[in-house]
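Peer 1: Right, I'll just put the structure down here and ask away after.
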Amino acid sequence: MPGAYRLQDILNRRGLTSLLAIGAVAGGATAAFAYAGGWLAPSRLQPAPIVNALEGHDGRHEGFRRAHAKGLCVVGHFDGTGQGLTLSKASLFRQATTPVIGRFSLAGGVPDAGDGRVTFHSLALKFQLPAGEQWRMAMNHVPVFPVATPQAFLDFQVATTPDPATGKPDPAKVQAYMARHPETKAFADYMAKAPLPSSFANASYNSVNAFRFTNGQGQTRLARWIFTPEAPFQELDKATLAAQPRDFLFDEVAGRLAQGPLVWHMSIILPDVGDPTDDATKPWPEDRRRVEVGTLTIDRAVTEDDGPCRDVNFDPTILPAGVAPSDDPLLAARSSVYAVGYTRRTGEPAAPSALAHDTAFPATAGRQPATMEPAQ
Amino acid sequence: MSPHTFSGAARLLHWLMAVLIIGMLFIGVGMVSTVGNSHTWLVPLHKSVGATLLVLVLIRLAVRATHRPPPLPADMPAPQKAIAHLSHIVLYALMIALPLVGWSMLSAGGYPITVWGAAHLPPLMAPDRGLYATLRHLHTYLAYALFLTVIAHLSAALMHAFLFRDGVFQSMAAWRTRR
Ligand code: HEM
Ligand code: HEM
């Protein structure tokens, strides 16, 4: 079949109509691609503006997490009781020992902020399960969250961003936000009166969001979980917070770990009919059934500079078979936003953490070869 | 006499992969630009289909090595033939590079590489923050390059069908193998 390759074969009405149609197909496909990628969809809430809002709120600190910027790595293990298998086939719940690394942190995007703040005390964990599986968690000491949706998260960040002129958030903007979000107001009131744990060691850590558990029989249920400490709870005197040394909480937990391991018990909390499973601002009543599924033992702390946690994205949707995200809109948003933050910070040079030269962390000396350590 | 059409295996792989690759490009840009619940299932789907495409492209290269593709029309101008060949090399290179970069970047980020919910691919390298960021950006740029190459390829195919009318479009679009 001879082809029509010469210009005069193409430059006629039929040819030009075809060319136009082909151009329309190519252009249409490109427009559809741009729409899918959000470039032509300005109303779609994207992860980048949320990361930008965090940076606008607390400053852009290169190399650090855009939230929970100040932290400390920990290393330990988890021993399952076997009880959890009734709820989920997750291999973590078997009667076996699983290695875990983690990170204590305080909320906020300032990496060298003082520890004396009424804010979340947090624990993130990464369980290394058999056959390449992982379970990652990022948990707070408070069982509820100030916002229920990613849009509210963004609006809250923007409303509470300090005004450059005064260094403080604009009270009118905060009030306008709170008026539209009674759940955030309720959270703020709760935080103001709830006791703050005196240590990372005696705090409970909550999943906050609900997750979907599936057992070996294929039965599925939604649940939250909590890690409760063996160390007895003590309250931090909120009146003296400002007078505390900058790193007192991190130093304190390092001191405890120098004495011996710290232990938490993990329990799955089962909701009653009607307990909200897609709204992290709503607490569940205290009396809900709990199934103790295992024991977390933290053996030692290592600064982020030398530890295994700095370059980890504790994305709470990285889950083993037997656990899946619930419909809570915060979960998908966290995964999407953490990924953007992770790509930004890993693309920047790592800066020394606030604890890099802290004498509470003998492990920092471990940067030198073992043979050079002074004999004791 | 050499055939006028690609082998049945080549045509099947071509159209299957065309659908999957275009799907992957749309899923990719869609999932990273939303905080909605679709993110939760699109990301695992993206990794699973991406890993499947890596297997498919290897099979496709084997099919290409064993079944010679039909020659381009003898009267097609030489520069046009050169462009056609070059664009096919670029398409193959990107089809291989994208899944490999995806797998590598997850390795460098220390992520588990879960495909189809069950299998966990071994990491291709040790975790390395700087490398993660570089590969993550490379994944985006290569994907944009693949999209543009696919659009060019599609436009050229339609030009063969409606302007040149030289049987090149039919050689891949035919239902039956013709000699
Ligand atoms: C849509 C809502 C949320 C947004 C946008 C958000 C944002 C972020 C960001 C950007 C990071 C830093 C991630 C990184 O660079 O690796 C982070 C860390 C963290 N978030 Fe959230 N977060 C949200 C909800 C929550 C909730 C509900 C919890 C409660 C469990 C939580 C607990 C944590 C913890 C503990 C960390 C520190 C993890 C670590 O040590 O790496 N976040 N968050
Ligand atoms: C033909 C194969 C593939 C194509 C066409 C493709 C395409 C894309 C595109 C267009 C994006 C969005 C990039 C952006 O807008 O920044 C993306 C993101 C991504 N791809 Fe792929 N991809 C492929 C294979 C893979 C494979 C095999 C994996 C992993 C096993 C993978 C993992 C990812 C991940 C994890 C992201 C999102 C990362 C984040 O949230 O930051 N991709 N891909």
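Residue numbers (the UniProt record's numbering), protein chains in the order written: chain B, 1 to 376; chain S, 1 to 179.
By construction, the Cβ of each residue, glycine as well, lies at the ideal position given by its N, Cα and C atoms.
1. For chain B, is any of its Cβ atoms less than 8 Å away from the one on S/I151?
2. Excluding the 5 residues preceding and the 5 following B/D279 in the sequence, name in chain order all residues of the same chain whose CB lies nearer than 6 Å to its CB.
3. Since S/L53 and S/L94 are thought to touch, with beta carbons under 8 Å apart, how far apart are those beta carbons, to the nearest angstrom?
4. Which residues in the same chain have their Cβ closer than 8 Å to the Cβ of B/R344, if we skip the five residues on either side of it in sequence?
5. Which of the three DSSP states is assigned to S/H88 in this structure?
6. Could you have a look at B/L249 and say whether DSSP puts it in helix, strand or coil?
7. Comparing C-alpha positions only, which one of S/G30, S/I22 and S/P44 sits nearest to S/P112?
8. Does any C-beta atom of chain B lie closer than 8 Å to the C-beta of S/S107?
9. At the level of alpha carbons, what is the spacing between B/A186 and B/V263?
10. Tell me the start and end of each unbroken beta strand (DSSP E) in the region 263–325 of chain B that is at least 3 residues and wholly inside, in chain order.
11. Can you give me the C-alpha to C-alpha distance between B/I269 and B/P329, rounded to a whole angstrom?
12. Using a beta-carbon distance below 8 Å, is S/S155 in contact with chain C?
13. Residues of chain B with a CB under 9 Å from the CB of S/L53: which are they?
14. Looking at S/S171: is its Cβ nearer than 8 Å to the Cβ of S/P79?
15. Distance check for S/V115 and B/A21, CA to CA, integer angstroms please.
16. What is the DSSP secondary structure of B/D79, reduced to helix, strand or coil?
17. B/A375 by DSSP, collapsed to three states: which one?
18. Taking S/V90 as the reference, which of S/M159, S/L42 and S/L148 has the closest Cα?
19. Compute the distance between the beta-carbons of S/A152 and S/G28, then report whether it is under 8 Å.
20. In this structure, how does DSSP classify S/S104 when only helix, strand and coil are distinguished?
21. Just by C-beta distance, which residues in the region 35–46 of chain B are closer than 7 Å to chain S?
22. What are the residues that DSSP puts in a beta bridge with B/E235?
23. With three or more C-beta pairs closer than 8 Å as the rule, is the region 2–19 of chain B touching the region 111–121 of chain B?
24. Measure the alpha-carbon distance for B/F248 versus B/G116 and round it to whole angstroms.
25. Once you ignore the five residues that flank B/G366 on each side, which residues in its own chain have a CB closer than 7 Å to its CB?
26. Can you grab the Cα-Cα spacing for the pair B/D272 / B/T220, in whole Å?
27. Can you tell me which residues form a DSSP beta bridge with B/Y177?
28. Quick one: which chain B residues come within Cβ less than 8 Å of S/T40?
29. Answer with buried or exposed for B/E373, where buried requires no fewer than 16 other C-beta atoms within 10 angstroms of its C-beta.
Peer 2: Taking the geometry as given:
1. yes
2. A148
3. No, S/L53 and S/L94 are not in contact; Cβ-Cβ is about 11 Å, not under 8 Å.
4. V51 and R66
5. helix
6. helix
7. S/P44
8. no
9. 32 Å
10. 290–302 and 323–325
11. 20 Å
12. Of the chains in the structure shown, none is chain C; the protein chains are B and S.
13. Within chain B, no residue comes near S/L53; the closest Cβ sits about 18 Å away, beyond 9 Å.
14. no
15. 39 Å
16. strand
17. Because B/A375 sits at a pLDDT of 37, beneath the cut-off of 50, its placement in the model cannot be relied upon, and the point is left open.
18. S/L148
19. no
20. helix
21. A36, G37, G38, R44, L45 and Q46
22. B/P197
23. no
24. 8 Å
25. At B/G366, the pLDDT of 45 sits below 50, so the modelled position is not reliable; the number obtained from the coordinates is stated separately. Excluding positions up to five away in sequence, the list reads D306.
26. 14 Å
27. Paired residues: none, contrary to the question.
28. T317, P325, L331, A332 and S335
29. Unreliable placement is indicated for B/E373, whose pLDDT of 38 sits below 50; the coordinate value is still reported in the next sentence. It is exposed - the Cβ of B/E373 has fewer than 16 other Cβ atoms within 10 Å.
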